[in-house]
Each structure stands twice: as structure tokens, then as C-alpha cells.
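Numbering (UniProt numbering), first residue to last: 1 to 206.
Backbone N, C-alpha and C define an ideal beta-carbon position, used for all residues, glycine too.
Remember, predicted model here, so these are calculated numbers, not experimental data.
Remarks on the structure that follows.
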Amino acid sequence: DFKGKKEKRSIDFSGINKNYGQNAGTGDFEISYIPEGETIQNEVIEQPPQVETEQQAPVEEEDLIARKKRKTKNEQQLFEKDGFEQQEEQSQAVEEEPVQQQEQEQEQIPNNDECPKGIVEVTVFGVKNVAAMDSNGKSDPFIKVIVGGNEQKTQKKKNTLNAEFNETFKFDFDPSTTDQRDIKLELWDYDTIGDNDQIGNASFPV
1 DFKGKKEKRS IDFSGINKNY GQNAGTGDFE ISYIPEGETI QNEVIEQPPQ VETEQQAPVE
61 EEDLIARKKR KTKNEQQLFE KDGFEQQEEQ SQAVEEEPVQ QQEQEQEQIP NNDECPKGIV
121 EVTVFGVKNV AAMDSNGKSD PFIKVIVGGN EQKTQKKKNT LNAEFNETFK FDFDPSTTDQ
181 RDIKLELWDY DTIGDNDQIG NASFPV
């Protein structure tokens with residue numbers, strides 16, 4: 001989804017626990033996934049238009065005439081064969097067709113793991129409209145970012161439903177060491193006493 005590019009995106013957190021079924025907040029992020037040895041392509045290089053020269057037309061016309069002659073000759077040779085030979089060739093063609101079709105289908109099967117080793121970078125700009133978790137109608141939000149089983153988190157912001165973080169996290173992503181292919185985001189409420197409460201979560205493919 002983000003391979004080879006950097007993209008800004010607003011992402012809604014799905015509420016869990018007492019906030020289940022609700023929008024628990026909306027975060028603003030910038031995400032990139034750069035495979036090893038590649039760079040972000042910021043410029044689109046336009047290919048120059050192909051201009052046909054006047055000399056190309058006769059060449060194409062001659063080629064077309066030659067193909068028609070070969071086709072006519074082949075049809076004539078096929079017509080001159082007796083019925084047994086024609087039937088034998090048709091039977092052979094029918095037998096070869098499923099094999100060719102099977103080979104084509106195998107070639108078209110996509111690689112199930114198209115995630116190469118690389119760097120995943122997630123910038124957390126902020127979150128707004130956070131679900132209130134404390135008795136004062138506020139929350140102390142922070143966000144966890146999880147990639148390939150590795151976790152990093154922002155600083156906590158106290159007594160607010162709209163927080164700015166402006167923090168960037170980098171992850172060395174190696175698909176050979178994990179079967180996880182998603183970027184996971186978790187929105188939490190920090191508690192001074194007791195355990196922190198998870199407010200919501202979101203996930204999407206790298």
C-alpha cells in the first residue's frame with residue numbers, strides 16, 4: 001500500500017471496550033515503506049511521445065503482405081493434407097491446449113509475499129476528537145505504532161481530546177523474520193494509577 005512512496009493520511013481509530021462500535025478519534029499520519037536499495041520517487045518522468053516516421057509505413061506494409069503470403073501458403077498446405085492428417089493434428093492441438101493453459105495460469109499466480117526487506121517510517125502528527133476516558137471529560141492520549149512485532153510509542157498528552165505529537169518512528173522491516181504485514185496503530189489513555197486503557201485501534205497493509 002505504501003511501498004516506494006510517502007503518503008499523508010487521516011486514519012480513524014475503531015473504539016474498543018466501552019467505546020466499541022464508535023469512532024474513538026482520528027489521527028493524522030505520514031507513512032512510507034522504502035524497500036532496501038530503493039528511494040522515494042518524488043518526480044514522475046514522462047516518456048517522450050513516439051513519433052512514427054514516414055519510412056515506417058512501407059516497412060509495416062511489406063511485413064503485413066509477407067505475413068498474408070505465409071498464411072495463404074500454410075492454409076493451402078493444410079488443405080492439401082488428407083483428412084486423417086488433419087484430424088491427427090487437431091487431436092494433438094486439443095491435448096496440448098490444457099497443458100499450455102495450465103502453464104499460463106501458473107505464470108499468472110502472484111507472489112503471496114510481495115513485501116521486501118526495507119524501512120517503514122511513520123510520522124504521528126496528532127489526534128483529534130479522542131473519546132473521553134477520565135471523569136473530567138478528558139483523556140491523556142498517546143499512540144503506539146507496531147510494525148513487524150516491534151513497538152514504539154509517542155509521548156503522552158495530559159487532559160486533552162486533541163493532541164499534537166509530531167514524532168517520527170523508523171522500523172527495520174524484514175518479512176523473513178515475521179509473518180505480520182500490517183502497520184498497527186493503537187490509541188491509549190495514560191493512567192497515573194492502575195493500568196493504561198486502550199481507547200481504539202487501526203491497521204492497514206504496509
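Sheet register partners of Pro35 (DSSP bridge): Gly118
Counted within 10 angstroms of its Cβ, other Cβ atoms place Asn19 as buried (16 or more) or exposed: buried
If you check the beta carbons only, do Phe165 and Thr154 fall under 7 Å apart? yes
Contact defined as beta carbons within less than 8 Å: I believe Ile31 pairs with Phe13. What is the distance between those atoms, to the nearest angstrom? Not confirmed; about 15 Å, so no contact.
Work out the CA separation of Gly194 and Tyr33 for me, nearest whole Å. 36 Å
Smallest Cα separation from Thr160: which of Asn17, Asn23, Asp134, Ile16? Asp134
Can you list, in chain order, the residues of its chain with a C-beta nearer than 6 Å to that of Thr123? Leave out the 5 residues immediately preceding and following it. Glu30, Thr168
Classify Ile199 as helix, strand or coil using the three-state DSSP reduction. strand
Can you say whether Asn42 is buried or exposed, counting buried as having 16 or more other CB atoms within 10 angstroms of its CB? Only weak support is given to the placement of Asn42: the predicted model assigns it a pLDDT of 49, under 50, and the value that follows is read from those uncertain coordinates. Its Cβ having fewer than 16 others within 10 Å, Asn42 is exposed.
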